[in-house]
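Undergrad:
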Amino acid sequence: MASVTIRNVQKSYGALSVMKGVDIEIADGEFVILVGPSGCGKSTLLRMIAGLEDITDGDVLIGATVVNDIEPKARNIAMVFQNYALYPHMTVRENMAFALTLNRTDKAEIARRVDRAAEILSLGALLDRYPKQLSGGQRQRVAMGRAIVRDPQVFLFDEPLSNLDAKLRVQMRTEIKELHQRLKTTTIYVTHDQIEAMTMADRIVVMKEGGIEQIGTPLDLYDRPANLFVAGFIGSPGMNFFEGEAKGGQFVTTDGTVLPLPEGHQTLSGKIVYGIRPEHLTVDDVGVAIDVHVVEPTGPETQIFGKLGGQPIVVALREGPAVVPGETLSLTPRLDRIHLFDATSGRRLEVTTLGRAA
Amino acid sequence: MRPSLMKQVPLFIVLLLFCIVNLTPVAWGFLTSIRQPVDAFAVPPKLIFEPTFQFHWEIWVDKGFWRFLINTAIVSIFAVTISVSIGSMAAYALSRLQSKAANGLLFSLLAMRTFPHILLAIPFFVIAQALDMIDTYPAMVMAIVALNQPFTIWLMRSFFAEVPGELYDSAVMDGCTPWQTFRRVALPIVKPGLWVTVLFSLLLAYNEFLLALVLTRQGTKTMPVAIAEYGAEDITYWSLSAAAAIGIMLPILIFMLFMQRHLVRGMAAGAVKG
Ligand SMILES: Nc1ncnc2c1ncn2[C@@H]1O[C@H](COP(=O)(O)OP(=O)(O)O)[C@@H](O)[C@H]1O
Ligand SMILES: [Mg+2]
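In structure tokens, the structure reads:
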């Protein structure tokens, strides 16, 4: 096990720069998730850590060692790929043993380690099968087994669950998390799915266009998104945003609806973006009225899609209110859950008393 | 999905006709080889005759054609071994390199295939003569390898191209050297394709006529030349020629029977999908 430090790492393909100065400190044993929309450079960063991709500039450290020029096999890292990348001509056992066979580990030791990994992942009955005789979830487990067997300093996962169906994905999510709690190996995990990130990570790195938008625990990102991008990316359904102006201790949307400002922000003035999560609106007779367009009960909550003035709004309510499309519903935002952003930079306007710089 | 019977029946008939058209000369050759020349050339064809393997015996044993078969076998085995090993290494490298130079190389290989054989046979003859290698096995083997290489490389490359790149990344992470990645990951995965390539280059080498005609003399003469030289003038020899021609088919047929399982897999499904 080891810490991983990414220091001002940059990547260019020829003249095309796809990563511009990324810094991340990952502690020993931590589970860090890189999340962001497709094409933002998550895989590229992971592959640079693995050694599969050259680092254009900056340093990657594992423990205290700069590994920029160390070949992948000497970095003592194991990687689980999106399409599992199992060798089709080898049995499960051979797949798991391959890395150890290559470095001439003692036969008995290989058998011991493969059996241990198989036991951890309940693969015992499948050891003599070939990958094509396995289901998607089983292949996924074998891919993980292959990583475990090597007992590496760092695990890398690149969207390992994206080929599984929804139910299996939830199950494997738990399994991977359990595995991490058991082995405590430093893990860097890439996904474009913010729910996966929120549920599994110790810390999340939100990326966009080759840069980092915010690093923090899942609740940091949820409670105090650093900017509009993170605010919109984390949470499902996504945060509601209203454009408008702060004046006279209130927020007025572009189409004239008035919303309350949180404590500490009453003196604010000028163009801002007002954000409130769907689950942080409460039914309240003295609130603002929204036009209800669609009502979707999901079971634990009811999602209501409508318009506040001219702007779209989503509301998630625990207690399904008795409204039907076409009616109006009166709502109030929870004052302690309002997020304000600078309209031009998109940066969070921090409530001073919370003391967290944006 | 299973094609419906309505679609299968016409397809079956077309394939059947195709087989009949292709197999008729072979069947005719076989019939010619087991009867007397007078019967073979009777008009109208004589359907009832006394079958005899006398000509098979005569050509292979009395006339010593087994020597030419051995020559053919030696040349083919060396040519296939060399051409498939070099070909798969080159194909692997070309499938992984995505540079302009690699593509240029591939297309020049393809261009080479379009040269008429005779255009290449003459320089090969001149070279072999200059090196005093006429009527030697290495000259034949090298010429055939040179001629087949574009084909083996293209064919093998198409199989390697199907191997997902993630497998190579995985091999690197597992600690494979470039050679191990080729030998222990890429090559075993394309094995069905490898057998297809072996078969096709075997057929090319085994049947090569023009090069054998210019490069071999009595010592290393191969079957196709030996048969062609034989009995073209006199119809009494035709039964013998037919016996020889039928005889050289056998080794290839046996090889195909043994390889059938691999071959069908390699040709039908592509080499990789599991
Ligand atoms: N070999 C390459 N050559 C040029 N551009 C590349 C190459 N690989 C990736 N990119 C570009 O780098 C960016 C990041 O890609 P990637 O790391 O795969 O994104 P992600 O994994 O977040 O979806 C993308 O814009 C992609 O087009
Ligand atoms: Mg990716």
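Chain order of the listed sequences is A and B.
Going by the numbering used here, 969 is the number at position 100 of the first sequence; the sequence numbering is gapless.
Going by the numbering used here, 530 is the number at position 43 of the second sequence; the sequence numbering is gapless.
Cβ atoms here follow ideal geometry from the backbone N, Cα and C, with glycine treated the same way.
Which residue marks the beginning of the beta strand (DSSP E) containing Ala1115/A, and which one marks its end?
TA: 1109-1116
Undergrad: Bridge partners of Gln1180/A, per DSSP?
TA: Leu1177/A
Undergrad: Can you pull the chain B residues whose beta carbon is under 7 Å from the beta carbon of Ala947/A, in chain order?
TA: Met660
Undergrad: Between Arg1086/A and Glu899/A, is the Cβ-Cβ spacing less than 8 Å?
TA: What sits at residue 1086/A in the sequence shown is Thr, not Arg. No.
Undergrad: Under 7 Å from any heavy atom of ligand 1, does the C-beta of Ser912/A make it?
TA: yes
Undergrad: Please confirm whether Ile1207/A and Ile1182/A have their CB atoms less than 8 Å apart.
TA: no
Undergrad: Return the CA-CA distance between Asp1154/A and Pro1190/A, expressed in angstroms with no decimal places.
TA: 13 Å
Undergrad: I'd like to know whether the C-beta of Pro941/A is nearer than 8 Å to at least one C-beta of chain B.
TA: Judged by the 8 Å Cβ criterion, Pro941/A is in contact with chain B.
Undergrad: From the DSSP secondary-structure annotation, give me the bridge partner or partners of Arg1217/A.
TA: Paired residues: Phe1210/A.
Undergrad: Which bits of chain A does Pro512/B rub up against, with CB to CB less than 9 Å?
TA: What Pro512/B touches in chain A: nothing, since even the nearest Cβ is about 40 Å away.
Undergrad: Would Ile939/A and Val873/A be called neighbours here (beta carbons separated by less than 8 Å)?
TA: no
Undergrad: In the DSSP assignment, the alpha helix (DSSP H) including Glu978/A goes from what residue to what residue?
TA: 976-989
Undergrad: Using 8 Å as the limit for Cβ to Cβ distance, is Pro651/B near chain A?
TA: yes
Undergrad: To the nearest angstrom, report how far apart Asp1211/A and Asp926/A are at their CA atoms.
TA: Computed Cα separation, rounded: 32 Å.
Undergrad: Within the same chain, show all residues whose beta-carbon is closer than 6 Å to that of Arg1019/A, passing over the 5 residues directly before and after it, in chain order.
TA: In its chain, beyond the 5 residues on either side, Ala947, Ala968 have a beta carbon closer than 6 Å to the beta carbon of Arg1019/A.
Undergrad: I'd like to know whether the C-beta of Leu654/B is nearer than 8 Å to at least one C-beta of chain A.
TA: yes
Undergrad: Quick one, which of Thr1167/A, Val936/A, Gly1215/A has its alpha-carbon nearest Pro1106/A's?
TA: Thr1167/A
Undergrad: Looking only at its own chain, which residues have a Cβ that is under 6 Å from the Cβ of Gly890/A, when we skip the five neighbours before and after it?
TA: Counting only residues of its own chain and dropping the five nearest sequence neighbours on each side, Gly890/A has a CB closer than 6 Å to the CB of Asn877, Gln879.
Undergrad: Below 8 Å on the Cβ atoms is my guess for Phe555/B versus Lys708/B; work out the distance and round it to an integer in Å.
TA: 5 Å
Undergrad: Along the stretch 668-685 of chain B, what residues have a CB closer than 9 Å to any CB found in chain A?
TA: Arg671, Val672, Pro675, Ile676, Lys678
Undergrad: Taking Thr1201/A as part of the alpha helix (DSSP H), name the residues at either end of that continuous run.
TA: First-last for Thr1201/A: 1197-1202, but that is the beta strand (DSSP E), not the alpha helix (DSSP H).
Undergrad: Buried or exposed: where does Ala756/B fall if 16 or more other Cβ atoms within 10 Å of its Cβ makes it buried?
TA: With a pLDDT of only 49 at Ala756/B, under the threshold of 50, the placement of this residue in the model should not be trusted, and no figure is reported.
Undergrad: If you measure between the beta carbons of Val1023/A and Ile989/A, is that distance less than 8 Å?
TA: The answer is no: Cβ separation not under 8 Å.
Undergrad: Establish whether the CB of Ser657/B and some CB of chain A are separated by less than 8 Å.
TA: The Cβ of Ser657/B sits closer than 8 Å to at least one Cβ of chain A.
Undergrad: Would you please verify whether the beta carbon of Cys663/B is less than 8 Å from any beta carbon of chain A?
TA: yes
Undergrad: Decide if the stretch 643-652 of chain B is in contact with the stretch 582-600 of chain B; the criterion is three or more beta carbon pairs, one per stretch, under 8 Å apart.
TA: The stretch 643-652 of chain B vs the stretch 582-600 of chain B: in contact.
Undergrad: Tell whether a beta-carbon distance below 8 Å holds between Pro1209/A and His1134/A.
TA: Note that residue 1209/A is Leu in the sequence shown, not Pro. It is a contact, given that the beta carbons lie within the stated cut-off.
Undergrad: Which bits of chain B does Tyr956/A rub up against, with CB to CB less than 7 Å?
TA: Leu654, Val672
Undergrad: Please list, in chain order, the residues of the stretch 956-974 of chain A that have any C-beta partner in chain B closer than 7 Å.
TA: Cβ contacts with chain B come from Tyr956, Pro957, His958, Phe967, Ala968, Leu971, Asn972.
Undergrad: Quick one: Cα of Gln1172/A to Cα of Leu1198/A, how far?
TA: 13 Å
Undergrad: Could you please tell me which residues of the stretch 903-929 of chain A, in chain order, have their CB closer than 9 Å to any CB of chain B?
TA: Arg916, Ala919, Gly920, Leu921
Undergrad: Determine the direct distance from the alpha carbon of Val961/A to that of Gln1002/A, and round the result to whole angstroms.
TA: So the alpha carbons of these two residues sit roughly 10 Å apart.
Undergrad: Which residue spans inside the stretch 526-586 of chain B form an unbroken alpha helix (DSSP H) run of at least 4?
TA: 541-544, 553-583
Undergrad: Between Asn952/A and chain B, is any beta-carbon pair separated by less than 8 Å?
TA: yes
Undergrad: So the alpha helix (DSSP H) Gln495/B belongs to, where does it begin and stop?
TA: 492-520
Undergrad: What span of residues does the beta strand (DSSP E) with Pro1229/A cover, start to end?
TA: Lying before the first or after the last residue shown, residue 1229/A is absent from chain A, which here runs from 870 to 1227.
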